[in-house]
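If you read the sequence shown in this note's numbering, its first letter stands for residue 7, the second for the next number, and so on. What follows is a single structure, written as structure tokens, with notes after it.
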Amino acid sequence: MPKPYSIDLRERAVAAMAAGEPASSVAARFGIAKSSVIKWHQRFRDTGNVVPDKMGGHRKIILEPYRDFILDAVERTPHLTLHGLKDMLASQGVIVSHNAVWLFLRREGLRFKKNTVRHGTGAR
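What follows is the structure, given as structure tokens:
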């Protein structure tokens, strides 16, 4: 992912726009897109600064409101599968993919290991 332009460049471009220079000539002078100059100027008008927003990682965790329900279900049912947990959530009206369940459990530090529930076959 590319890095955002420097704050210094943003401030100089916004200052040029505030001095009355058209966005197209500011863009040409600094070698940036006209749309960037316009957006930076709008941001400065709205917020008073030109600092870029955080890049990436803006997705909220869908299952966070159901954390207690999920952790309780995993504790009560040690043989629960991801798809089984997904079905339990669906019965509560929460429709998510099994990947969303897996990601949530992973963030919580829980893992599903196939061999942890098996006790071996014993002597044959």
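Note that the Cβ used here is the ideal one computed from N, Cα and C, for glycine as well. As the structure is a prediction and not an experimental result, all values here were calculated from the model.
Reduced DSSP secondary structure (H/G/I, E/B, other) of residue i
i, result
"Ala-39", "coil"
"Glu-17", "helix"
"Val-57", "coil"
"Lys-9", "coil"
"Ala-25", "coil"
"Arg-51", "helix"
Residue burial classification, residue i (beta-carbon count within 10 angstroms, cutoff 16)
i, result
"Leu-116", "exposed"
"Val-57", "exposed"
"Met-61", "exposed"
"Ala-33", "buried"
"Ala-29", "buried"
"Ile-76", "buried"
Cut-off 7 Å between Cβ atoms - residues of its own chain near residue i, not counting five sequence neighbours on either side
i, result
"Leu-86", "Ala-79, Val-80"
"Tyr-132", "Not covered by the structure: residue 132. The range shown for the chain is 7 to 130."
"Pro-92", "This sequence places Lys at residue 92; Pro is not what is there. Within the same chain, Lys-92 has close Cβ partners Val-102, His-104, Val-107."
"Ile-68", "Val-102, Ala-106"
Beta-carbon proximity list for residue i, same chain, < 6 Å, skipping 5 on both sides
i, result
"His-47", "Val-20, Met-23"
"Phe-50", "Val-20, Val-56"
"Arg-16", "Trp-46, Val-56"
"Phe-36", "Ala-19"
"Arg-112", "none"
Sequence-distant residues of its chain with Cβ nearer than 8 Å to residue i (five each side left out)
i, result
"Pro-3", "Outside the shown range of the chain, which is 7 to 130, sits residue 3, and nothing can be said about it."
"His-89", "His-104"
Segments assigned alpha helix (DSSP H), at least 4 residues, entirely inside the region 60–126: 73–82, 88–97, 104–113
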